[in-house]
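S.K.:
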Ligand SMILES: Cc1ncc(COP(=O)(O)O)c(C=O)c1O
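In this note's numbering, the protein residues as written are 51 to 356.
1. Compute the distance between the beta-carbons of residue 80 and residue 228, then report whether it is under 9 Å.
2. Residues in its own chain within less than 7 Å of residue 296 by CB, not counting five upstream and five downstream?
3. Assuming contact is defined by CB atoms lying nearer than 9 Å, are residue 263 and residue 281 in contact in what I supplied?
4. Within the same chain, show all residues whose beta-carbon is closer than 8 Å to that of residue 294, passing over the 5 residues directly before and after it, in chain order.
5. Since residue 353 contacts residue 136 with CB under 8 Å, what's their CB separation in whole angstroms?
6. What does the Cβ neighbour count give for residue 259, buried or exposed, with the cut at 16 atoms within 10 Å?
7. Comparing the CB of residue 239 with every heavy atom of ligand 1, is any distance shorter than 8 Å?
8. Measuring alpha carbon to alpha carbon, tell me which residue in 66, 304 and 300 is nearest residue 329.
9. Should residue 205 be labelled buried (16 or more other beta-carbon atoms within 10 Å of its own) or exposed?
10. Is residue 256 near ligand 1 - that is, is its Cβ less than 8 Å away from at least one heavy atom of it?
11. Which full runs of the beta strand (DSSP E) of 3+ residues lie inside the stretch 268–346, going along the chain?
12. So, with DSSP's three-state summary, where would you put residue 125?
13. Rounding to the nearest angstrom, what Cα-Cα distance links residue 346 and residue 334 in this structure?
14. Kindly give me the distance between the Cβ atoms of residue 164 and residue 155, rounded to whole angstroms, as I take these residues to be in contact under 8 Å.
15. Is the closest heavy atom of ligand 1 to the C-beta of residue 304 under 8 Å?
16. Can you tell me whether DSSP reads residue 168 as helix, strand or coil?
17. Going by DSSP in three states, residue 115 sits in which element: helix, strand or coil?
18. Given residue 64, which residues of its chain have a CB within under 7 Å of its CB, disregarding the five upstream and five downstream residues?
19. Which first and last residues belong to the beta strand (DSSP E) in which residue 191 is found?
20. With respect to 8 Å, is the separation between the Cβ of residue 263 and the closest non-hydrogen atom of ligand 1 below this value?
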């Protein structure tokens with residue numbers, strides 16, 4: 051494997067030079083938050099473009115605020131660091147970027163008040179997240195964290211135990227992905243992605259008040275559906291059995307991108323990979339992520355100087 055570089059507290063250095071203290075609060079208590087960003091490789095133009103990178107760093111700093119993690123960087127600093135990091139790694143393929151802000155303090159006890167906050171950014175090539183064209187999903191018996199337990203609006207590392215348990219629950223039973231319900235029984239999201247359904251020509255997705263992460267891909271899908279396709283987009287609570295009545299369903303997320311669902315709780319979803327709305331959104335998404343959708347070029351940040 052080629053030498054991999056990471057951004058660590060202000061410098062770009064070889065990955066093997068970074069070590070995390072075994073006593074750190076990030077490791078012991080999960081006191082950390084992170085982001086997942088994609089940079090898309092455009093073979094035709096030999097360019098790598100970060101997709102909505104500013105929004106990802108705005109969300110990271112918002113997560114840091116909620117978790118009392120103090121970083122001496124602005125959104126611009128982090129965007130520039132990411133561009134430099136990708137250049138240094140010389141990636142010429144679609145890449146996933148993972149910034150993690152964390153509590154480096156090694157004192158015993160899960161306090162957020164200690165100093166020694168750090169940030170690390172690493173990246174690796176990532177094509178399809180699931181390796182599948184369409185997914186068989188199952189509602190998990192694990193409940194999504196609610197806002198007053200652990201803020202779902204942040205990408206707090208500790209919250210991903212909830213995600214991992216849900217994934218385990220369904221994957222060991224042969225399904226591809228889980229769907230969480232909220233503590234009040236509404237459809238929430240997947241372990242690392244938001245969910246959309248289509249019913250009678252309307253695009254429907256659960257609202258932030260149903261404990262979802264406010265996904266950047268979700269926001270992009272809503273914008274494309276409303277402004278480019280002229281569809282009615284509705285943010286409202288969805289109950290479990292409405293999933294059985296939908297015409298189409300798909301997930302959205304940075305890692306997951308736009309992936310159709312063909313089965314929910316062993317019931318077929320009629321559209322699946324051939325769903326008309328899914329196909330239109332996917333085609334637009336493939337353009338927007340390369341900076342090739344007219345009017346949306348500003349969502350792309352090129353990495354290499356031309
Ligand atoms: C729990 C959860 N929901 C939704 C998403 C999708 O968010 P985004 O589209 O910003 O990647 C993610 C991924 O970051 C996630 O971890």
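Don't be surprised by glycine CBs; every beta carbon is placed ideally from N, CA and C. What you are looking at is a predicted structure, and each value in this text was computed from that prediction instead of being measured.
M.R.: Let me lay it out:
1. The residue given as residue 80 occupies position 30 in the chain shown. The residue given as residue 228 occupies position 178 in the chain shown. No, the Cβ-Cβ distance between residue 80 and residue 228 is not below 9 Å.
2. For this step, residue 296 is matched to residue 246 along the chain shown. Excluding residues within five positions, the ones whose Cβ falls inside 7 Å are 247, 248, 249 and 319.
3. Along the chain shown, read from residue 1 onward, the residue named residue 263 stands at position 213. Along the chain shown, read from residue 1 onward, the residue named residue 281 stands at position 231. No, the Cβ-Cβ distance between residue 263 and residue 281 is not below 9 Å.
4. The count along the chain shown starts at 1 and reaches residue 294 at position 244. For residue 294, the CB contacts under 8 Å within the same chain, skipping 5 residues up- and downstream, are 314, 315 and 317 in chain order.
5. Counting from one through the chain shown, the residue named residue 353 turns up at place 303. Counting from one through the chain shown, the residue named residue 136 turns up at place 86. Indeed, because the Cβ distance is near 5 Å, the residues count as touching under 8 Å.
6. Here the question's residue 259 lines up with position 209 in the chain shown. By the neighbour-count rule (16 or more Cβ atoms within 10 Å), residue 259 is not buried but exposed.
7. If you number the chain shown from 1, residue 239 lands on position 189. Taking non-hydrogen atoms of ligand 1 into account, the C-beta of residue 239 is found less than 8 Å away from one of them.
8. Walking along the chain shown from the start, residue 329 turns up at place 279. From the listed residues 66, 304 and 300, the smallest Cα separation to residue 329 is found for 300.
9. As a working note, residue 205 is residue 155 in the chain shown. Residue 205 is buried by the Cβ-count criterion.
10. As a first step, residue 256 must be located in the chain shown, where it is residue number 206. With a cutoff of 8 Å, residue 256 does not count as near ligand 1, since its C-beta is closer than that to no heavy atom of the ligand.
11. Listed in chain order, the beta strand (DSSP E) elements of length 3 or more contained wholly in the stretch 268–346 are 283–285, 298–303 and 307–314.
12. For the purposes of this step, residue 125 is taken as residue 75 along the chain shown, with counting starting at 1. Helix.
13. To locate residue 346, count along the chain shown from 1; it is residue 296. To locate residue 334, count along the chain shown from 1; it is residue 284. About 11 Å.
14. For this step, residue 164 is matched to residue 114 along the chain shown. For this step, residue 155 is matched to residue 105 along the chain shown. Going by Cβ atoms, the distance from residue 164 to residue 155 rounds to 4 Å, so yes, they are a contact pair.
15. Position 254 of the chain shown holds residue 304. At least one heavy atom of ligand 1 is nearer than 8 Å to the Cβ of residue 304, so yes.
16. As a position in the chain shown, residue 168 is number 118, starting the count at 1. The answer is strand: DSSP assigns residue 168 an E or B state.
17. As a working mapping, residue 115 is identified with position 65 in the chain shown. Three-state DSSP puts residue 115 in a helix.
18. Within the chain shown, residue 64 is the residue found at index 14, counting from 1. Excluding residues within five positions, the ones whose Cβ falls inside 7 Å are 53 and 55.
19. The count along the chain shown starts at 1 and reaches residue 191 at position 141. Per DSSP, residue 191 belongs to the beta strand (DSSP E) from 185–193.
20. By one-based count along the chain shown, residue 263 stands at place 213. Between ligand 1 and residue 263, a heavy atom-to-CB distance of less than 8 Å is present.
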